[in-house]
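Structure, as structure tokens:
2 protein chains.
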Amino acid sequence: MTTLTLRHVAIDTYRENVAYLHRDCKLYRSQGFQALNKIEIQQQDNGRSIIAVLNVVDDIAITAPDELGVSEQAFAQLGGVAGIAVSVAHARAPDSISAVHRKIAGDRLNLEDYRGIARDIAANRYSKIEIAAFLVACSEIGLEREEVLHLTRAMIETGERLDWGEPLVVDKHCIGGIPGNRTTMIIVPIVAAHGMLMPKTSSRAITSPAGTADTMEVLAEVELSPDKLHEIVRSERACLAWGGTARLAPVDDLLIVVERPLLMDSPGQLVASILSKKLAAGANHLVIDIPIGATAKIRSRNSALVLRKLFEYVADSLGINLEVVFSDGRQPVGRGIGPALEARDVMQVLNNDPAAPIDLREKALQLAGRILEFDPDIRGGQGYMIARDILESKRALAKMQAIIKAQGKNPSPPQIGRLRHAVRACESGFVIGINNLQLARIARLAGAPMDQGAGVDLHRKLGEPVQAGETIYTIYAAFPADFEFARESAEQDSGYQIGDHYVDDMP
Amino acid sequence: MTTLTLRHVAIDTYRENVAYLHRDCKLYRSQGFQALNKIEIQQQDNGRSIIAVLNVVDDIAITAPDELGVSEQAFAQLGGVAGIAVSVAHARAPDSISAVHRKIAGDRLNLEDYRGIARDIAANRYSKIEIAAFLVACSEIGLEREEVLHLTRAMIETGERLDWGEPLVVDKHCIGGIPGNRTTMIIVPIVAAHGMLMPKTSSRAITSPAGTADTMEVLAEVELSPDKLHEIVRSERACLAWGGTARLAPVDDLLIVVERPLLMDSPGQLVASILSKKLAAGANHLVIDIPIGATAKIRSRNSALVLRKLFEYVADSLGINLEVVFSDGRQPVGRGIGPALEARDVMQVLNNDPAAPIDLREKALQLAGRILEFDPDIRGGQGYMIARDILESKRALAKMQAIIKAQGKNPSPPQIGRLRHAVRACESGFVIGINNLQLARIARLAGAPMDQGAGVDLHRKLGEPVQAGETIYTIYAAFPADFEFARESAEQDSGYQIGDHYVDDMP
Numbered sequence: 004m005t006t007l008t009l010r011h012v013a014i015d016t017y018r019e020n021v022a023y024l025h026r027d028c029k030l031y032r033s034q035g036f037q038a039l040n041k042i043e044i045q046q047q048d049n050g051r052s053i054i055a056v057l058n059v060v061d062d063i064a065i066t067a068p069d070e071l072g073v074s075e076q077a078f079a080q081l082g083g084v085a086g087i088a089v090s091v092a093h094a095r096a097p098d099s100i101s102a103v104h105r106k107i108a109g110d111r112l113n114l115e116d117y118r119g120i121a122r123d124i125a126a127n128r129y130s131k132i133e134i135a136a137f138l139v140a141c142s143e144i145g146l147e148r149e150e151v152l153h154l155t156r157a158m159i160e161t162g163e164r165l166d167w168g169e170p171l172v173v174d175k176h177c178i179g180g181i182p183g184n185r186t187t188m189i190i191v192p193i194v195a196a197h198g199m200l201m202p203k204t205s206s207r208a209i210t211s212p213a214g215t216a217d218t219m220e221v222l223a224e225v226e227l228s229p230d231k232l233h234e235i236v237r238s239e240r241a242c243l244a245w246g247g248t249a250r251l252a253p254v255d256d257l258l259i260v261v262e263r264p265l266l267m268d269s270p271g272q273l274v275a276s277i278l279s280k281k282l283a284a285g286a287n288h289l290v291i292d293i294p295i296g297a298t299a300k301i302r303s304r305n306s307a308l309v310l311r312k313l314f315e316y317v318a319d320s321l322g323i324n325l326e327v328v329f330s331d332g333r334q335p336v337g338r339g340i341g342p343a344l345e346a347r348d349v350m351q352v353l354n355n356d357p358a359a360p361i362d363l364r365e366k367a368l369q370l371a372g373r374i375l376e377f378d379p380d381i382r383g384g385q386g387y388m389i390a391r392d393i394l395e396s397k398r399a400l401a402k403m404q405a406i407i408k409a410q411g412k413n414p415s416p417p418q419i420g421r422l423r424h425a426v427r428a429c430e431s432g433f434v435i436g437i438n439n440l441q442l443a444r445i446a447r448l449a450g451a452p453m454d455q456g457a458g459v460d461l462h463r464k465l466g467e468p469v470q471a472g473e474t475i476y477t478i479y480a481a482f483p484a485d486f487e488f489a490r491e492s493a494e495q496d497s498g499y500q501i502g503d504h505y506v507d508d509m510p
Numbered sequence: 004m005t006t007l008t009l010r011h012v013a014i015d016t017y018r019e020n021v022a023y024l025h026r027d028c029k030l031y032r033s034q035g036f037q038a039l040n041k042i043e044i045q046q047q048d049n050g051r052s053i054i055a056v057l058n059v060v061d062d063i064a065i066t067a068p069d070e071l072g073v074s075e076q077a078f079a080q081l082g083g084v085a086g087i088a089v090s091v092a093h094a095r096a097p098d099s100i101s102a103v104h105r106k107i108a109g110d111r112l113n114l115e116d117y118r119g120i121a122r123d124i125a126a127n128r129y130s131k132i133e134i135a136a137f138l139v140a141c142s143e144i145g146l147e148r149e150e151v152l153h154l155t156r157a158m159i160e161t162g163e164r165l166d167w168g169e170p171l172v173v174d175k176h177c178i179g180g181i182p183g184n185r186t187t188m189i190i191v192p193i194v195a196a197h198g199m200l201m202p203k204t205s206s207r208a209i210t211s212p213a214g215t216a217d218t219m220e221v222l223a224e225v226e227l228s229p230d231k232l233h234e235i236v237r238s239e240r241a242c243l244a245w246g247g248t249a250r251l252a253p254v255d256d257l258l259i260v261v262e263r264p265l266l267m268d269s270p271g272q273l274v275a276s277i278l279s280k281k282l283a284a285g286a287n288h289l290v291i292d293i294p295i296g297a298t299a300k301i302r303s304r305n306s307a308l309v310l311r312k313l314f315e316y317v318a319d320s321l322g323i324n325l326e327v328v329f330s331d332g333r334q335p336v337g338r339g340i341g342p343a344l345e346a347r348d349v350m351q352v353l354n355n356d357p358a359a360p361i362d363l364r365e366k367a368l369q370l371a372g373r374i375l376e377f378d379p380d381i382r383g384g385q386g387y388m389i390a391r392d393i394l395e396s397k398r399a400l401a402k403m404q405a406i407i408k409a410q411g412k413n414p415s416p417p418q419i420g421r422l423r424h425a426v427r428a429c430e431s432g433f434v435i436g437i438n439n440l441q442l443a444r445i446a447r448l449a450g451a452p453m454d455q456g457a458g459v460d461l462h463r464k465l466g467e468p469v470q471a472g473e474t475i476y477t478i479y480a481a482f483p484a485d486f487e488f489a490r491e492s493a494e495q496d497s498g499y500q501i502g503d504h505y506v507d508d509m510p
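Quick mapping for you: the protein sequence lines, in order, are chains V and R.
If you use the numbering used here, the first sequence corresponds to residues 4 to 510, in order.
If you use the numbering used here, the second sequence corresponds to residues 4 to 510, in order.
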């Protein structure tokens, strides 16, 4: 078999491996390859192989006819050594694709089917197109609840699984969609100060203005090696780290790459995604926060109930203790939206600062209370008071400082963006609506989360009175272009509704 | 707004535009771009814009920080001039994606919805992921027949439409899947010799060992400019050209790029794809060939009937005269599989060569007869005899020679592959089964259609007696690697079934 010489092409193609073959390469002609074909690249010395999408090159400065160029990620997966011999062949369609076709045709799949799909996706055998087909098929016909259970199981099995060796390992998760909702950074120090084990790994923002990992990064290092992470958890009973370094439920990461641009978030996928990650991370007691609101992911109490029952069914079947909490999703939580602004809110709450946003503090205490009640020694209903006591005695603050120190304090915390624009009320009245989606959009346009200091700071919340001309929120940015985009968007739609009457209709 | 300098990156990314941005480019940081994001590139001077997928570059030899590199196709779409100023922004999701989400949720879409989807796809605003979501949604819930009609209409409207200015413009189409089925190259000269207008444009093979355009290319030039094509049709009443140069129903071409790797071919998509192409090409009388067989696309008479009714409904609504013919899809048609071998079969039939494959000749005469009967002057049932008369009198051959001359005769027709391998029967008996899919696979592995002389030549057909050790077919190839792949595949599965009893059970 003809071999080619491996070459590193310094192009970052994120989660899609790309191979570059020169048009004059004899394999290109003889094998009938076409650009966008999926090919299998095999290392000659150890037989290891990866799947990549083919691009055809007409410039020997990129790839010569006797070479196979590969993008940065593919190069790393092949061991990162240029000049080794590789062979190339058409990639076969993954075996499990027949199950996807059965799902498209309306069949119900079994555990073995989902295992096959998860294994092939984890091995990068699915193209983005094939992943999209799987997701749409699951979303459209819908998954029966047994199928959600099968999918969750299969996703856990295809990755690493942490074992903390303790009967009570707690975690919390919010299904997302509410800007500023940074309760995790308050809950973790409270719960750990009580002595419970809460090894929290979080994601970075994908479509939101800040994830917990982005916000914690304002204060401390979050990219920790597995050894370092274990050491911190052993000494502090907790951590607040980025979850991307561990290979936990890797299928989920690959599905997300396709789900996000499609704006797909079916209940079955949501439950499988969250529970597979949490179980793989070793949690056995879990509180799920489902915010309900007109511009939240879940818009009615009815949909929230359906989702709760699905969470409960899968969690019970997998032997994890799970409590679902419904919360107020009608507006952002806290004041800041964007990493530095949200970190400020969190630290104000932990410091018992009178300026701290009350809604963020209250929500964090409620959720922390529910987690504390997983402790058999705590009487039902006492969790909230114990959480408040830990917060007010500044034991939570001390724990947060210890975690920051252990992870490595950020030596140069970011400044809040130097470009500032006040968005003012056009009329007087009460704030009767705040659009989560529009506020998140403005904060992102302003530069969050890439610019840690960028974002939006809210001066008025739902139900508060406002006079025409008063500032309802401030936009912060670092770069003029971003600043303009954010201002323009706020001018078109401030995201605020002002009216004469406000009725508190918490869903 | 910040601008970048356009640069040509000599990478062929086929139907997916790719843009290359250096990691140190200030826009990369300030805009929060990520690899695989969809971006909109706008030419500063004329405002023209395209959508592309972003790759991030770490090598200034590919793209410098003040440049925007684009792949070959994107460069051509932007006018093909390096050094011009372009601006870059996040691409918004196409407006029509909300209709796709409604389809995923099970809604029925209306004509305006399909128009929006077709317009956005034609403008390259859909990523492959979004196209996959649309296709799966259409395939799974299925399209109601009104929706197939809407989709067909929308696909026609988004491209050019040819008008030949005559009331009787005929065409034929086979839904595909049967190797060697090259009837078109016999039908066109027969019908044109009778004086009917048949401006035939065909596709190249995508997953099969030869398309009509590939086979005709063995004999003559097939990539004709629109002017040249019209001139030939005016003088000869017909042509046998590649359809890729005209922008007819371009949405179909973009859907196919995603359909093929997914192996999706739902009836609704199939009908919309075929009829939109034919109507855009100006046909108003059409014969559709649906082969039925265990290894054909359509496996039962019942599925064939469902498909026929869908064809009839859409064609009637669009005012095109359409006849559906069911044919024998149990085995390849003719002997040769691969461009040069199939061209040989065709010319044998046109030459009335006694060695000509009878099944190819008979099938072509049947279909040509049906087309001739669109002529109001031909009595029902007489078409076949008239077609046979045109063939036997060599008027069809003369017409074919005139078409070849007009399009430009191939000055160096390909040789049949120099590497040859005889596949022999392991036992004696009758040929009781031939697998279309396996024979097509072997011919493709041997190098067809890229190597025009490669392919498979059948020595035995269904129902024929065979002795153990006799050659059942020959594999032809030009390159040793291809030759080995094809031989290996034939050894694993020859695609032939031999048994003691043969019953002719034509479906």
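The beta-carbon is built from N, C-alpha and C at its ideal position, and this holds for glycine as well.
Note that the structure is predicted; figures quoted are calculated from it, not measured.
Asked                                                                                                                                                                                                  : Found
Going along chain R, which residues have a C-beta under 7 Å from residue 19 of chain V?                                                                                                                : 39
Find the nearest neighbour of residue 370 of chain R within the set R:415, R:186 and R:501, judged by alpha-carbon distance.                                                                           : R:186
By alpha-carbon positions, which one of R:302, R:221 and R:291 ends up nearest to residue 366 of chain R?                                                                                              : R:291
Could you tell me which chain V residues have their CB closer than 8 Å to the CB of residue 142 of chain R, listed as they occur along the chain?                                                      : 107
Please check if any C-beta of chain V sits within less than 8 Å of the C-beta of residue 58 of chain R.                                                                                                : yes
What residues match up with residue 324 of chain R in a beta bridge as DSSP calls it?                                                                                                                  : R:288
Taking DSSP as the reference, what is the three-state secondary structure of residue 428 of chain V?                                                                                                   : coil
Let me make sure I understand the geometry here. Which of R:188, R:171 and R:167 has the alpha-carbon closest to that of residue 177 of chain R?                                                       : R:188
Measuring alpha carbon to alpha carbon, tell me which of V:50, V:36, V:66 and V:489 ends up nearest residue 56 of chain V.                                                                             : V:36
Could you check if residue 305 of chain R is buried or exposed, using at least 16 other CB atoms within 10 Å of its CB as the buried criterion?                                                        : exposed
Is the beta carbon of residue 75 of chain V less than 8 Å from the beta carbon of residue 126 of chain V?                                                                                              : no
Residues of chain V with a CB under 7 Å from the CB of residue 155 of chain R: which are they?                                                                                                         : Under the 7 Å cutoff, chain V gives no residues; its nearest Cβ is about 22 Å from residue 155 of chain R.
In chain order, what residues of the same chain have a beta carbon less than 6 Å from the beta carbon of residue 269 of chain V, not counting five sequence neighbours either side?                    : 142
Going by C-alpha distance, which of R:198, R:470, R:151 and R:184 is nearest residue 278 of chain R?                                                                                                   : R:151
What in chain V is Cβ-close to residue 61 of chain R, meaning under 8 Å?                                                                                                                               : 13, 14, 15 and 75
What's the C-alpha gap between residue 386 of chain V and residue 329 of chain V?                                                                                                                      : 17 Å
Considering residue 159 of chain V, what are the terminal residues of the alpha helix (DSSP H) in which it resides?                                                                                    : 148-160
Please state if the CB of residue 442 of chain R and the CB of residue 498 of chain R are separated by a distance shorter than 8 Å.                                                                    : yes
Taking Cβ positions only, does residue 139 of chain R come closer than 8 Å to chain V?                                                                                                                 : yes
Using 8 Å as the threshold, is the C-beta distance between residue 284 of chain R and residue 174 of chain R below it?                                                                                 : yes
Nearest-angstrom Cα distance between residue 315 of chain R and residue 375 of chain R?                                                                                                                : 19 Å
Please tell me whether residue 476 of chain R and residue 460 of chain R are closer than 8 Å, where the distance is taken between their beta carbons.                                                  : yes
Quick check: the Cα distance between residue 512 of chain R and residue 30 of chain V, rounded to an integer number of angstroms?                                                                      : Because residue 512 of chain R is not part of the residues shown, which for chain R are 4 to 510, the question remains open.
Which same chain residues end up closer than 6 Å to residue 137 of chain R when comparing Cβ atoms and leaving out the 5 residues on each side of it in sequence?                                      : 103
Within 10 Å of its beta-carbon, does residue 79 of chain R have 16 or more other beta-carbons around it, so buried, or fewer, so exposed?                                                              : exposed
Give every residue of the same chain whose Cβ lies closer than 8 Å to the Cβ of residue 20 of chain V, excluding the five residues on either side of it in the sequence, and list them in chain order. : 53, 54, 55, 56, 73, 74, 76, 77, 80 and 127
With a threshold of 8 Å between beta-carbons, can residue 102 of chain V be considered close to chain B, or not?                                                                                       : No chain B appears in the structure shown, which is made up of the protein chains V and R.
Among residues of its own chain, excluding the 5 on either side of residue 167 of chain V, which ones have a beta-carbon nearer than 7 Å to its beta-carbon?                                           : 200, 202 and 285
Measure the Cβ-Cβ separation of residue 317 of chain R and residue 274 of chain R and say whether it is below 8 Å.                                                                                     : yes
What does residue 25 of chain V pair with, by DSSP beta-bridge criteria?                                                                                                                               : V:60
I need the boundaries of the beta strand (DSSP E) containing residue 17 of chain V, first residue and last residue.                                                                                    : From DSSP, residue 17 of chain V is part of no beta strand (DSSP E); its letter is neither H nor E.
Could you tell me whether the Cβ of residue 23 of chain R comes closer than 8 Å to any Cβ of chain V?                                                                                                  : yes
Report yes if the C-beta distance between residue 452 of chain R and residue 340 of chain R is below 8 Å; otherwise report no.                                                                         : no
Could you check whether the Cβ of residue 298 of chain R sits closer than 8 Å to any Cβ belonging to chain V?                                                                                          : no
List the residues of chain V whose Cβ lies closer than 8 Å to the Cβ of residue 216 of chain R, in chain order.                                                                                        : Chain V residues near residue 216 of chain R: none, gap ~16 Å exceeds 8 Å.
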